[in-house]
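Scroll down for the structure; my scribbles are underneath it.
2 protein chains.
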Amino acid sequence: MSRIAVIGAGAVGCYYGARLAEAGHEVHFLLRSTYDAVAESGLHIESVDGDIDLDAPAIARTSREIGAADWVICALKATAMDEARDLIAPCVDERTSILALMNGLGIEDQLASWFPGTPIFAGLGFTCINRGEAGRIHHIDYGPVTIAHLGDDEAEIGRGAAVWADAKVEVPTASSLLAARWQKLCWNVPFNGLTVTGGGITTDVVMGDGELRAAADGLMRELCAAGNADLEEHGSSARLDADAVVESMMTRTATMAAYRPSTMIDFLEGREMEIDAIFEAPLRRASELGVSTPLLAMLTGQIRILGRSAG
Amino acid sequence: MSRIAVIGAGAVGCYYGARLAEAGHEVHFLLRSTYDAVAESGLHIESVDGDIDLDAPAIARTSREIGAADWVICALKATAMDEARDLIAPCVDERTSILALMNGLGIEDQLASWFPGTPIFAGLGFTCINRGEAGRIHHIDYGPVTIAHLGDDEAEIGRGAAVWADAKVEVPTASSLLAARWQKLCWNVPFNGLTVTGGGITTDVVMGDGELRAAADGLMRELCAAGNADLEEHGSSARLDADAVVESMMTRTATMAAYRPSTMIDFLEGREMEIDAIFEAPLRRASELGVSTPLLAMLTGQIRILGRSAG
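Here's what the structure looks like:
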């Protein structure tokens, strides 16, 4: 059993942390705004894969209280990346590995620069989770977390996945972290983006409109092209198969309930959206690589402006 | 001097009708919601090209009261096209010509099918006009109306422009109505569209954002490609020069005050937007012609969804 620190206890951090606690790991949650509510009433997950009730989870107000852990799961919102270093550092010693369960491109490189020598992993969740009232999480659909390793070391990938062996979470592995990140963007960019520009629509509305569905398709193909150029420049032999990515994303989204992506909820509730991680970073990278991404560029400009008025 | 009926007395109809009245024409305005206010207080234009105060303009509640005219200026919102035939018919006899001072593609063909034998013209305004309180119009910037003729008859174009000879309105002429319509869309699609998807931003915000400006550029190029295919299919030798169109539109928009396009105001005020005329019609036409217009398609899907929730 591992000692695990969950930094950033939003819906994603709470859900997967609770699944690891359920599997017997010693899981510590760093809480801020919800500390008092969870101290009072515990942490409760309503899940299509079985509810979890942690009546007295191990919670802390500071990372120092948690101290060094075998695994630090960083599930901060990408907009809080500035705080990540200080929040993570007290939980890191020579035994520690870090798993970034976040959206975005370049997160792992950033973590590696802050914590040299610490193994860095990515966890790419494909799941529908929303936060309810404090301490309550609704897990609506899906749930796999793809495990990847910065360095793409096969043994390390296995070690990263092994932590989840007894947890009720599917953990497929990705041999290329970079490919997995671009593939994840192939969902987040169109569906987080077009649900926001639609004024706060759900994923089924995007899927049900011929032009928006075609735009999602086109965005995925642009991202695959940029991702493949990025992989090539990194000397990786991994490649994204655009047809396969589009088919897989569309199939999964078509069977998904009418879903409210996190960015769309942030938009409707006037909170800061993960604009840099999901939109600006891939656009910058595509531009550096000389890959034309006109749909991504337009969508990024649109979201940027909407974020400005919301912020 | 001509007897002129202005059907659809929004900002555009009132402004240009007042300019023609100022030049000495006998101008009759068909008014509905603003009839009482204008009967009481007149029609007042605050204009960068000189104010106009019509204290007792010729106004009517029905087209029948106006009767046959030399010119019918149809300045209805494109969303009211269903009513256009009944509103125009009482003003048409064998002496009448019709000028469509409206947004959209295919408007003139529609009018020709309703009024066979009647000369049909297009007036393509490039102007910044907003409605104030009832009977008050604010003309902020620009003002030319490009005159074109359905049939592209040179003598007719000259006759159409001659009506405006003494009016304080520049009337350049277009040798190809179809080219002029597509060229006008090159402004309306990006600027009416992107100001709406921005949540109600002004044109200067689009111009000031690198990605949105690039999207406007890309949209114009898609529209030029579709327009040129349309011209070719119609056997016209006219062509749009995309570079020239982009440069001209960008230059004009850059020097424009922070402008609120009509569609953006409609969106913010929860009124029906001219979605079919400005977005759906060119998208359908491009699709029929087999011209790829991914940015137009995405923007159309976005506006369509926003229009649904507004409507």
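Going down the list, the sequences are from chains G and V. Per our numbering, the very first residue in the first sequence carries number 8; after that it's consecutive. Per our numbering, the very first residue in the second sequence carries number 8; after that it's consecutive. Backbone N, C-alpha and C fix where the C-beta goes; we use that ideal spot for every residue, glycine too. These numbers were taken from a predicted model, which means no experiment stands behind them.
Judging by CA-CA distance, which residue of the options is the nearest neighbour of residue i?
{"i": "ARG71(V)", "options": "ALA12(V), ALA119(V), GLU177(V)", "result": "ALA12(V)"}
{"i": "LEU303(V)", "options": "GLY206(V), ARG228(V), ALA249(V)", "result": "ARG228(V)"}
{"i": "ALA141(V)", "options": "VAL45(V), GLY31(V), PHE286(V), VAL298(V)", "result": "VAL45(V)"}
{"i": "ARG138(G)", "options": "SER269(G), THR300(G), LEU275(G), ALA186(G)", "result": "SER269(G)"}
{"i": "GLY31(V)", "options": "GLY113(V), ILE285(V), VAL170(V), ARG311(V)", "result": "VAL170(V)"}
{"i": "MET327(G)", "options": "LEU290(G), THR260(G), ILE310(G), ILE282(G)", "result": "The requested residue 327(G) is not part of the displayed model; chain G covers only 8 to 318."}
{"i": "ALA18(G)", "options": "ILE272(G), ILE310(G), LEU290(G), LEU313(G)", "result": "ILE272(G)"}
{"i": "VAL213(G)", "options": "ILE14(G), TRP194(G), CYS98(G)", "result": "TRP194(G)"}
{"i": "ALA223(V)", "options": "PHE133(G), GLY308(G), GLY277(G)", "result": "GLY308(G)"}
{"i": "SER48(V)", "options": "GLU163(V), PHE36(V), ASP116(V), LEU61(V)", "result": "LEU61(V)"}
{"i": "LEU83(V)", "options": "PRO64(V), LEU37(V), THR103(V)", "result": "LEU37(V)"}
{"i": "VAL27(G)", "options": "VAL196(G), ASP173(G), GLU276(G)", "result": "Here residue 27(G) turns out to be Leu, not Val, going by the sequence shown. Considering only alpha carbons, the answer is ASP173(G)."}
{"i": "ALA181(V)", "options": "ALA63(V), ALA162(V), GLU239(V), ALA284(V)", "result": "ALA162(V)"}
{"i": "PHE274(G)", "options": "GLU101(G), GLY200(G), PRO97(G)", "result": "GLY200(G)"}
{"i": "ASP43(V)", "options": "ARG259(V), ALA63(V), VAL34(V)", "result": "ALA63(V)"}
{"i": "LEU313(V)", "options": "HIS241(G), LEU219(G), ALA284(G)", "result": "LEU219(G)"}
{"i": "GLU90(G)", "options": "GLN117(G), THR41(G), ARG102(G), GLU33(G)", "result": "GLN117(G)"}
{"i": "ALA249(V)", "options": "TYR23(V), TYR266(V), GLY225(V)", "result": "GLY225(V)"}
{"i": "ASP93(V)", "options": "PHE122(V), GLU101(V), ILE164(V), GLY113(V)", "result": "PHE122(V)"}
{"i": "GLY113(V)", "options": "SER316(V), MET88(V), ILE164(V)", "result": "MET88(V)"}
{"i": "ARG278(V)", "options": "ALA16(V), THR260(V), SER316(V)", "result": "SER316(V)"}
{"i": "ILE208(G)", "options": "ARG267(G), GLY132(G), LEU296(G)", "result": "ARG267(G)"}
{"i": "GLY167(G)", "options": "LEU131(G), VAL298(G), LEU290(G)", "result": "LEU131(G)"}
Bridge partners for residue i per DSSP, in chain order?
{"i": "ARG10(V)", "result": "GLU33(V)"}
{"i": "THR69(V)", "result": "Beta-bridge pairing links THR69(V) to no other residue."}
{"i": "GLY132(V)", "result": "VAL152(V)"}
{"i": "ASP60(G)", "result": "HIS51(G)"}
{"i": "THR180(V)", "result": "ILE154(V)"}
{"i": "VAL79(G)", "result": "ALA12(G), ILE105(G)"}
{"i": "ASN137(G)", "result": "HIS145(G)"}
{"i": "ILE127(V)", "result": "ILE105(V)"}
Would you decide whether residue i is buried or exposed? Buried here means 16 or more other CB atoms lie within 10 Å of its CB.
{"i": "ASP216(V)", "result": "buried"}
{"i": "ASP237(V)", "result": "buried"}
{"i": "THR69(G)", "result": "exposed"}
{"i": "THR86(G)", "result": "buried"}
{"i": "HIS241(V)", "result": "exposed"}
{"i": "GLU115(G)", "result": "buried"}
{"i": "THR300(G)", "result": "buried"}
{"i": "ARG102(G)", "result": "exposed"}
{"i": "SER183(V)", "result": "buried"}
Name the chain A residues whose beta carbon is nearer than 9 Å to that of residue i?
{"i": "ARG188(G)", "result": "The chain inventory of the structure shown lacks chain A, comprising the protein chains G and V."}
Is the CB-CB distance between residue i and residue j below 8 Å?
{"i": "ALA107(V)", "j": "ALA76(V)", "result": "no"}
{"i": "ALA233(V)", "j": "ARG292(V)", "result": "yes"}
{"i": "GLY111(G)", "j": "ALA288(G)", "result": "yes"}
{"i": "ILE66(G)", "j": "ALA25(G)", "result": "no"}
{"i": "VAL79(V)", "j": "ILE14(V)", "result": "yes"}
{"i": "ALA251(V)", "j": "CYS135(V)", "result": "no"}
{"i": "THR202(V)", "j": "LEU306(V)", "result": "no"}
{"i": "SER255(V)", "j": "LEU185(V)", "result": "no"}
{"i": "LYS175(V)", "j": "ASP56(V)", "result": "yes"}
{"i": "LEU157(V)", "j": "ALA119(V)", "result": "yes"}
{"i": "VAL178(V)", "j": "VAL152(V)", "result": "yes"}
{"i": "GLY192(G)", "j": "ILE310(G)", "result": "Reading off the sequence, residue 192(G) comes out as Leu, not Gly. No."}
{"i": "ILE105(V)", "j": "ILE127(V)", "result": "yes"}
{"i": "ILE144(V)", "j": "CYS231(V)", "result": "no"}
{"i": "THR262(V)", "j": "PHE198(V)", "result": "no"}
Proximal residues, the segment 200-222 of chain G versus chain V, C-beta separation under 9 Å: LEU201, THR204, GLY205, GLY206, GLY207, ILE208, VAL212, VAL213, ASP216, GLY217, GLU218, LEU219, ARG220, ALA221, ALA222: these are the residues of the segment 200-222 of chain G whose beta carbon lies less than 9 Å from some beta carbon of chain V, given in chain order.
Contact set between the segment 284-297 of chain V and chain G, restricted to residues whose Cβ is under 7 Å from the partner: none
Contact residues within the segment 296-312 of chain V, judged by C-beta distance below 8 Å to chain G: Taking 8 Å as the Cβ-Cβ cut-off against chain G, the residues of the segment 296-312 of chain V that qualify are PRO301, LEU302, ALA304, MET305, LEU306, THR307, GLY308, GLN309, ARG311, ILE312.
Positions along the segment 262-278 of chain V whose CB lies within less than 9 Å of some CB in chain G: Flagged: no residues at all.
Interfacial residues, the segment 223-255 of chain V to chain G, with Cβ spacing under 8 Å: GLY225
Interface residues of the segment 165-184 of chain G facing chain V [CB-CB below 8 Å]: none
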